[in-house]
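Line by line, the protein sequences are chains A and B. So for the first sequence, numbering that gives the first Met the number 0 puts the first residue at 0; every next one is plus one. So for the second sequence, numbering that gives the first Met the number 0 puts the first residue at 0; every next one is plus one. Heads up, the thing below is written out as structure tokens.
Protein chains: 2
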Amino acid sequence: MYTIGQVAEMFQLPISTLRYYDKEGLLPGIERKSGRRLFSDVEIEALHVIECLKASGLEIREIRQFMKWCIEGAETYGKRKELFEARKKAVEEEMTRLQKTLDLIRFKCWYYEQAIKDGTEEKLQAMIPDKLPKELRELYDNGHQ
Amino acid sequence: MYTIGQVAEMFQLPISTLRYYDKEGLLPGIERKSGRRLFSDVEIEALHVIECLKASGLEIREIRQFMKWCIEGAETYGKRKELFEARKKAVEEEMTRLQKTLDLIRFKCWYYEQAIKDGTEEKLQAMIPDKLPKELRELYDNGHQ
DNA sequence: TCTTGACCTAAAGTCAAGTTTAGGTTTTAT
DNA sequence: ATAAAACCTAAACTTGACTTTAGGTCAAGA
């Protein structure tokens, strides 16, 4: 059993955030001793799942719904599985989007490196097709028609 | 030259968002004709960069700073390059985090699939070490000590 | 025992990123 | 020429996820 302060340290979260999660129903059934929260392994696991679902882009209100399903037992296995399947899809899409973002960023890094060498963007603009490394070429052709 | 409505269609963004970006200084020097915004190739390119920087996690206020640097010319090439280098690092870190998130999500998908087959979580908890596919094994050992 | 640090609640405040509203002007199609 | 469609501004409103504040309770060490 851990105090709120210990858990805050463990997860590198402010205490106020843990209280907020509890108030929002993300830690249903957390034990108390003379008013103070007692975090057990169940709550530690719940917090790992909360961090996972948050990172996947889920909102607090939807995480609360998931926690409710957990309490309802076996009849909600299907809903819970579907939720994770949907999160899987969302995260995979986000990673694809980030990969495209990264491609453009890499181009911009190259671009400014050249501009610094050349001392100006003016000359560079015309010379891009010649100078651009092969691995950035397709990106440039797509991204700038 | 495009009208705000055409650009909204092009980027699948609400018109109000484009006006907001302009008001926040993300489209400096945009032309006007009798009060109406005229988006040229410069603004279209700016919007691509805005979407990229937003996707990388940059805030509006920092994008505005970048746009100011663009106007200042050659003396800010270094700053602009450093900004993109920093964004590259941030996006790479975010992708690493999302990969970990995805690993846990995949475990949960497997877990609920098993629970549905078995009809209960109870039995499953004890059987995890035996049933868990090899590729999810390390995750389980790390994630649950 | 006493006091200091850790905990509690309810309610108000903050912040970013838009969105909506209200009231007005301009362009375009009939 | 006129009416609908598209545009404009300023200012207020919204939303989500916290954080801060104010005022109090509890417990463990000196």
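From the three backbone atoms N, C-alpha and C, an ideal C-beta is built for every residue, glycine too.
{"Item": "Please report the residue range of the alpha helix (DSSP H) in which Glu44/A lies.", "Value": "40-54"}
{"Item": "Measuring alpha carbon to alpha carbon, tell me which residue in Glu92/A, Ile62/A, Glu93/A, Leu103/A is nearest Lys78/A.", "Value": "Ile62/A"}
{"Item": "Touch check for the region 32-44 of chain B and the region 65-83 of chain B: three-plus C-beta pairs under 8 Å?", "Value": "no"}
{"Item": "Under 7 Å between C-beta atoms, does Lys80/A make it to chain B?", "Value": "yes"}
{"Item": "Which residues of the region 107-121 of chain A have a Cβ closer than 8 Å to any Cβ of chain B? Give them in chain order.", "Value": "Lys107, Cys108, Tyr111, Glu112, Ala114, Ile115, Gly118, Thr119, Glu120"}
{"Item": "With a threshold of 7 Å between beta-carbons, can Val6/A be considered close to chain B, or not?", "Value": "no"}
{"Item": "Are the region 89-102 of chain A and the region 84-99 of chain B in contact at 8 Å, needing three or more beta carbon pairs?", "Value": "yes"}
{"Item": "What does Tyr76/A reach in chain B if we use C-beta pairs closer than 7 Å?", "Value": "Tyr111, Ala114, Ile115"}
{"Item": "Per DSSP, Arg31/B forms a beta bridge with which residues?", "Value": "Arg36/B"}
{"Item": "Comparing alpha-carbon positions, which option in Leu37/B, Glu30/B, Asp102/B lies nearest Ala7/B?", "Value": "Leu37/B"}
{"Item": "Is there a C-beta anywhere in chain A that falls below 7 Å from the one on Lys87/B?", "Value": "yes"}
{"Item": "Using beta-carbon positions only, say whether Glu23/B and Ile70/B come within less than 7 Å of one another.", "Value": "no"}
{"Item": "Quick one: what does DSSP say Gln144/A is sitting in, helix, strand or coil?", "Value": "Model confidence at Gln144/A stands at a pLDDT of 30, short of 50, so the residue's coordinates are unreliable; what they give is reported in the following sentence. Residue state, collapsed to three classes: coil."}
{"Item": "Rank Ile29/B, Leu25/B, Tyr19/B by C-alpha distance to the C-alpha of Tyr1/B and give the top, closest one.", "Value": "Ile29/B"}
{"Item": "Just how far apart, CA to CA, sit Leu17/A and Ile49/A?", "Value": "11 Å"}
{"Item": "Any beta carbon from chain B within less than 7 Å of Ile104/A's own beta carbon?", "Value": "yes"}
{"Item": "I believe Gly56/B touches Ala89/B by the beta-carbon criterion, under 8 Å. Please report the beta-carbon distance rounded to the nearest angstrom.", "Value": "6 Å"}
{"Item": "Mark Met66/B as exposed unless 16 or more other C-beta atoms lie within 10 angstroms of its C-beta, in which case mark it buried.", "Value": "buried"}
{"Item": "Hey, does Met94/B have any beta-carbon neighbour from chain A nearer than 7 Å?", "Value": "yes"}
{"Item": "Can you check DSSP and say which residues form a bridge with Tyr1/A?", "Value": "Phe38/A"}
{"Item": "In or out: Lys130/A buried (at least 16 other Cβ within 10 Å) or exposed?", "Value": "exposed"}
{"Item": "Can you give the beta carbon distance from Phe83/A to Cys108/B, rounded, assuming they're within the 8 Å contact cut?", "Value": "5 Å"}
{"Item": "So the alpha helix (DSSP H) Gln113/A belongs to, where does it begin and stop?", "Value": "76-117"}
{"Item": "So what does DSSP say about Leu17/A, is it helix, strand or coil?", "Value": "helix"}
{"Item": "Identify whether Leu123/B lies in helix, strand or coil by the three-state DSSP scheme.", "Value": "helix"}
{"Item": "With H, G and I counted as helix, E and B as strand and the rest as coil, what does DSSP make of Gln64/B?", "Value": "helix"}
{"Item": "For Leu97/A, would you say it is in contact with chain B, using Cβ-to-Cβ distances shorter than 7 Å as the test?", "Value": "yes"}
{"Item": "What did DSSP end up calling Glu71/A once you bin it into helix, strand or coil?", "Value": "helix"}
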